[in-house]
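Visitor: I have a structure I would like to understand better, so I am pasting it below and will then ask my questions one at a time.
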Amino acid sequence: MQDKDLMTWYHKDFATTKVYGVNTENAYKFLESKGLKPKTVLVGVLDSGVQVDHPGLVKNIWTNPNEVPNNGKDDDGNGYIDDIHGWNFIGGKNGDIDID
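The structure is reproduced here in structure tokens:
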């Protein structure tokens, strides 16, 4: 791979480049073929928890504007209670900091 390819590996298609990625180009082509306009999607993947109040992260952590913290309700109606900074899908319990 070239240096520029290393910076955009996540756009690659394993079937053609043997680099694991999300195949962005074909995803956009598929949406357009269905008459859909692609939208920007924010995705964050962590293999553990994140300290959302860490000084180096606090200004860059996404906060759900439609959720009221710690009120025990699904304010935004997406099926997850108090999902302020995302959701722990593996454990089924919302939580920002991995205490293990």
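Residue numbering for the sequence shown follows our numbering, beginning at -2 and increasing consecutively. C-beta atoms are modelled at their ideal positions from N, C-alpha and C, and glycine is treated no differently. Just so you know, these numbers come straight off a predicted model, no measurement behind them.
1) Pick helix, strand or coil for H8, following the three-state DSSP scheme.
2) Determine the extent of the alpha helix (DSSP H) in which T37 is found, giving its start and end residues.
3) Taking the alpha helix (DSSP H) that N23 falls in, what are its first and last residues?
4) Going by C-alpha to C-alpha distance, which of P35, I58, E29 sits closest to G46?
5) Taking 9 Å as the cut-off, decide whether the C-beta atoms of N61 and D80 are in contact.
6) Can you tell me whether K15 is buried or exposed, with buried defined as 16 or more other CB within 10 angstroms of its CB?
Guide: According to the structure shown:
1) For the purposes of this step, residue 8 is taken as residue 11 along the sequence shown, with counting starting at 1. In this structure, H8 counts as helix in the three-state DSSP scheme.
2) One-based indexing of the sequence shown puts residue 37 at position 40. Neither: T37 is in no alpha helix (DSSP H) and is coded neither H nor E.
3) In the sequence shown, counting from the first residue as 1, residue 23 sits at position 26. That run of the alpha helix (DSSP H) goes 21 to 30.
4) For the purposes of this step, residue 46 is taken as residue 49 along the sequence shown, with counting starting at 1. Of the candidates P35, I58, E29, the one whose C-alpha sits nearest the C-alpha of G46 is I58.
5) Here residue 61 refers to the residue found at position 64 when the sequence shown is read from its first residue. Here residue 80 refers to the residue found at position 83 when the sequence shown is read from its first residue. In contact: N61 and D80 (Cβ atoms closer than 9 Å).
6) Locating residue 15 in the sequence shown gives position 18, where the first residue counts as 1. Exposed, since its Cβ has fewer than 16 Cβ neighbours within 10 Å.
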